[in-house]
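J.: What follows is a structure written as structure tokens; I'll ask about it next.
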Amino acid sequence: MILRCLYIDTPDPSFVRLENRYRAGYLDAAELEQYVARAEYGLSPSFVARELAMGHECFGIREGDALATYGWYSTSPTHFTDDLSVRFGQQWVYMHSGFTHPAYRGRRLHAIAMTTALSLYRARGYRGLVSVVSADNQASLRSCDRMGYRQ
Numbered sequence: 117m118i119l120r121c122l123y124i125d126t127p128d129p130s131f132v133r134l135e136n137r138y139r140a141g142y143l144d145a146a147e148l149e150q151y152v153a154r155a156e157y158g159l160s161p162s163f164v165a166r167e168l169a170m171g172h173e174c175f176g177i178r179e180g181d182a183l184a185t186y187g188w189y190s191t192s193p194t195h196f197t198d199d200l201s202v203r204f205g206q207q208w209v210y211m212h213s214g215f216t217h218p219a220y221r222g223r224r225l226h227a228i229a230m231t232t233a234l235s236l237y238r239a240r241g242y243r244g245l246v247s248v249v250s251a252d253n254q255a256s257l258r259s260c261d262r263m264g265y266r267q
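See below:
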């Protein structure tokens, strides 16, 4: 497995505008419950329980009851695989496990969600976001590049 470690510390203003039909925000356990174990969202009960127990936050964009896109944000060590955890400096937030529902792909909603989350974390005093992307995931790498992520 070849991975790319990317970071971003400056929000791109072109990715902060969200159409009124969408709402963005952090999703708590009760809000996530309606999406857990529905295959279309890729959220298993054990994954969500573990992430929430570790204090990680899920930020997403919804349209009505549909979860268009989400990502998980961590300021503590995080499971990368069952056998491997990652940890970054305390001034960075690790963004991981991003997902966009197939019906919403191509609308740059994930980039808008990440940029909005970046702005919120910077307002809390963090320097920026760090992400790890598989080197063969060209779609995610292009999205990160458009947003201003650097290696």
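Numbering (our numbering), first residue to last: 117 to 267. Note that beta-carbon positions come from the ideal geometry of N, C-alpha and C, so glycine has one too. In this text the structure is predicted, and so the values were computed from the model without any measurement.
Within 10 angstroms of its Cβ, does proline 127 collect 16 or more other Cβ (buried), or is it exposed?
T.: Proline 127 is buried by the Cβ-count criterion.
J.: In chain order, what residues of the same chain lie with their CB nearer than 7 Å to the CB of leucine 234, ignoring the 5 residues before and after it?
T.: Closer than 7 Å at the Cβ level, and outside the excluded window around leucine 234, lie Ile124, Pro127, Gly244 and Leu245.
J.: Can you check whether the CB of serine 250 is closer than 8 Å to the CB of leucine 119?
T.: Yes, Cβ-Cβ distance for leucine 119 and serine 250 is below 8 Å.
J.: Exposed or buried, which one is glutamate 167 when buried takes at least 16 other CB atoms within 10 Å?
T.: When all chains shown are included, glutamate 167 counts as buried.
J.: Using the beta-carbon count (16 or more within 10 Å), is alanine 219 buried or exposed?
T.: Its Cβ having fewer than 16 others within 10 Å, alanine 219 is exposed.
J.: Check this for me: beta carbons of threonine 185 and phenylalanine 215, under 8 Å apart or not?
T.: Yes.
J.: I'd like to know whether the C-beta atoms of glutamate 60 and arginine 137 end up nearer to each other than 8 Å.
T.: Residue 60 cannot be examined here, being either before or after the span of the chain that is shown, 117 to 267.
J.: Looking only at DSSP bridge pairs, what is methionine 211 linked to?
T.: For methionine 211, which the question treats as bridged, DSSP gives the partners Tyr189.
J.: Tell me the start and end of each unbroken beta strand (DSSP E) in the stretch 233-264 that is at least 3 residues and wholly inside, in chain order.
T.: The qualifying runs are 244-250.
J.: Could you check which residue in Asp181, Met263 and Tyr189 has the C-alpha nearest to that of tyrosine 242?
T.: Ranking Asp181, Met263 and Tyr189 by Cα distance to tyrosine 242 puts Tyr189 first.
J.: Helix, strand or coil, according to DSSP, for isoleucine 228 in the structure here?
T.: If DSSP states are grouped into helix, strand and coil, isoleucine 228 belongs with the helices.
J.: Can you tell me the Cα-Cα spacing of glutamate 156 and glutamine 150, whole angstroms?
T.: If I take the Cα positions, the gap works out to 12 Å.
J.: Please confirm if leucine 234 has its CB atom under 8 Å from at least one CB of chain C.
T.: The structure shown contains no chain C; it holds only a single protein chain.
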